[in-house]
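Participant: Okay, here's the structure, questions in a sec.
In this note's numbering, the protein residues as written are 10 to 524.
This is the structure we're talking about:
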């Protein structure tokens, strides 16, 4: 259960804070433009290589982007050696294709509408140049294959031009003629009307009839095809899907159950976690997120609405109701309030690249957990502490139930998550680091930058420190005196697996930044 030897601590002290710059935006809104509900992005995911990015929206569409800067600079080794300067580039993407993944449905048994909104997207292993991914809405998971296919065209009819009278040439079979023909070539306009004055049979007739040829052109088009549909396995809304490192299985989680699937079998799944009590009145917590360990195919973690994370070992039993490890933070005595349980609910968890650490996001904080230490988080980052006096207002307008995602950098040195006013935070999680950057999802990410107070971390050990870092706290007003806007929220973001690049969604716009 070690989870690998992921290294978070840098030997030469904490790295310098990153300077973030705007890279690209897709779907940028003009001032005053109204955002359509169906266009709001609801999921973002990089593939393992970082060469492809997928987004899903509330309209059930999946949009794919591909990286272009690596292709543009790919040359021979000799050409690269001739260059006496290094190319300083950052990830750049372009639109690749899109497809309709889910349609709105109606559950007649429960009289419920099932939204087409994409809840999660996960990339699967590529094969033969094709891309594979899983997408899910509230009830149905789909397995998609996206592949380039050569376009097939119908060539011109092979009628000998000499057989045509008055020098007329046979037209292409895909010409847009307005005349329609019935069987045996008879025109509905009248018999033999298709024999116009411009056409005359050669003497002796046409010796042979040749059919049109189907030829494969050099052009290619991207085709998305649904390979599998995994349906009717969840009574409650699906909140997570996660691929296993074995490349063959994946899990899907709803409020009360986690199911294990084989990618090749869509009509059968195994229930591996079930927290549903015999009497629903005894229900005290629900599953909020679940993820497989990145390298150990037998290990997965899931979080709950009570703020705890359970590590499960599939080798222990078929039904994993008993956990291998439990991670939770004991609340300070006397600090309990009406909102304590609500804001403790974990909205997202992510494993680090090597599986040693788990990052969790609740309403107010980010927490970093070491799976070898279940006494408490090794680091806690305050995301928007200025909201604590406003919890009553946030409860009234339901904002307190917003589910923010979180992500880790590929090197494990930093973590990130979103906030309100289209802001997102980047924290350094190396012992001794005071990096706590606030960025805005706009073309000028540093516009709302608030000076970060430098506070020393409180060390609790030699190898790794447990720190409580408040970050760039404010009183609800940014550096420019603008009030924070709770209607614009940055819920979804993803960190590039190998480089310091972040993709984040602000309503229907996809912003990308690099450092």
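Quick reminder that beta carbons are idealized off the backbone N, C-alpha and C, glycines included.
Model, not experiment: these values are computed from the prediction.
1) May I ask which residues mark the beginning and end of the alpha helix (DSSP H) holding residue 353?
2) At the level of alpha carbons, what is the spacing between residue 497 and residue 371?
3) Taking only the alpha-carbon atoms, compute the straight-line gap between residue 381 and residue 365 and give it to the nearest angstrom.
4) Please report the distance separating the alpha-carbon of residue 157 from that of residue 516.
5) Under the three-state reduction of DSSP, which class applies to residue 225: helix, strand or coil?
6) Nearest-angstrom Cα distance between residue 384 and residue 34?
7) On the DSSP bridge list, what partners appear for residue 264?
8) How many Å lie between residue 73 and residue 114 at the Cα?
9) Under the rule that 16 or more other beta-carbon atoms within 10 Å means buried, what is residue 473, buried or exposed?
10) In chain order, what residues of the same chain lie with their CB nearer than 7 angstroms to the CB of residue 46, ignoring the 5 residues before and after it?
11) Would you identify the three-state DSSP class for residue 496, choosing helix, strand or coil?
12) Where does the unbroken beta strand (DSSP E) through residue 152 begin, and where does it stop?
13) Please identify the residue among 393, 439, 351 whose C-alpha is closest to the C-alpha of residue 377.
14) Evaluate residue 433 with the Cβ neighbour count: other Cβ atoms within 10 Å of its Cβ, from every protein chain shown; 16 or more gives buried, anything less gives exposed.
15) Compare the beta carbon distance of residue 250 and residue 131 with 8 angstroms and say whether it is the shorter of the two.
16) In chain order, what residues of the same chain have a beta carbon less than 7 angstroms from the beta carbon of residue 54, not counting five sequence neighbours either side?
17) Can you give me the C-alpha to C-alpha distance between residue 223 and residue 161, rounded to a whole angstrom?
18) Taking the alpha-carbon of residue 450 as reference, which of 505, 392, 521, 495 has the nearest alpha-carbon?
19) Below 8 angstroms on the Cβ atoms is my contact criterion, and I expect residue 306 with residue 254 to pass it. Report the Cβ-Cβ distance as a whole number of Å.
20) What would DSSP say about residue 387, mapped onto helix, strand or coil?
21) Skipping 5 residues on each side, what residues in its chain have a beta carbon closer than 7 angstroms to that of residue 142?
Facilitator: Put simply:
1) Sequence index remark: in the chain shown, residue 353 carries index 344 (1-based). Counting along the chain, the alpha helix (DSSP H) containing residue 353 begins and ends at 349 to 353.
2) For the purposes of this step, residue 497 is identified with residue 488 of the chain shown, where counting begins at 1. For the purposes of this step, residue 371 is identified with residue 362 of the chain shown, where counting begins at 1. Cα to Cα, the separation comes out at about 18 angstroms.
3) Taking the chain shown and counting its residues from 1, the one referred to as residue 381 is at position 372. Taking the chain shown and counting its residues from 1, the one referred to as residue 365 is at position 356. Each residue's alpha carbon lies about 8 angstroms from the other.
4) For the purposes of this step, residue 157 is taken as residue 148 along the chain shown, with counting starting at 1. For the purposes of this step, residue 516 is taken as residue 507 along the chain shown, with counting starting at 1. Looking at the two C-alpha atoms, the distance is approximately 30 angstroms.
5) Here residue 225 refers to the residue found at position 216 of the chain shown. Of the three classes helix, strand and coil, the one that applies to residue 225 here is strand, per DSSP.
6) For the purposes of this step, residue 384 is taken as residue 375 along the chain shown, with counting starting at 1. For the purposes of this step, residue 34 is taken as residue 25 along the chain shown, with counting starting at 1. Going by the C-alpha atoms only, they are around 42 angstroms apart.
7) Here residue 264 refers to the residue found at position 255 of the chain shown. According to DSSP, residue 264 bridges with nothing at all.
8) As a working mapping, residue 73 is identified with position 64 in the chain shown. As a working mapping, residue 114 is identified with position 105 in the chain shown. Looking at the two C-alpha atoms, the distance is approximately 24 angstroms.
9) Taking the chain shown and counting its residues from 1, the one referred to as residue 473 is at position 464. Only weak support is given to the placement of residue 473: the predicted model assigns it a pLDDT of 37, under 50, and the question is left unresolved by the model.
10) Along the chain shown, read from residue 1 onward, the residue named residue 46 stands at position 37. Once the five neighbours on either side are set aside, the close Cβ partners of residue 46 are 67.
11) Working through the chain shown from its first residue, we reach residue 496 at position 487. Looking at residue 496 - three-state DSSP - the assignment turns out to be coil, as it is neither helix nor strand.
12) Counted from its first residue, the chain shown places residue 152 at position 143. Its beta strand (DSSP E) spans residues 150 to 163.
13) Working through the chain shown from its first residue, we reach residue 377 at position 368. Of the listed residues, the one whose Cα sits closest to residue 377 is 439.
14) Here residue 433 refers to the residue found at position 424 when the chain shown is read from its first residue. Buried is the call here.
15) Here residue 250 refers to the residue found at position 241 when the chain shown is read from its first residue. Here residue 131 refers to the residue found at position 122 when the chain shown is read from its first residue. Yes, these two residues count as a Cβ contact at 8 angstroms.
16) Taking the first residue of the chain shown as 1, we reach residue 54 at position 45. So the qualifying residues of the chain are 63, 130, 131, 132, 503.
17) Against the chain shown, residue 223 aligns to sequence position 214. Against the chain shown, residue 161 aligns to sequence position 152. For residue 223 and residue 161, the distance between alpha carbons rounds to 7 angstroms.
18) Indexing the chain shown from 1 puts residue 450 at position 441. Comparing Cα-Cα distances from residue 450 to each of 505, 392, 521, 495, the minimum goes to 521.
19) One-based indexing of the chain shown puts residue 306 at position 297. One-based indexing of the chain shown puts residue 254 at position 245. The Cβ separation is near 5 angstroms, so the contact holds.
20) In the chain shown, counting from the first residue as 1, residue 387 sits at position 378. Coil.
21) For the purposes of this step, residue 142 is taken as the residue at position 133 of the chain shown. Cβ neighbours of residue 142 beyond the five flanking positions: 63, 130, 131, 132, 133, 153.
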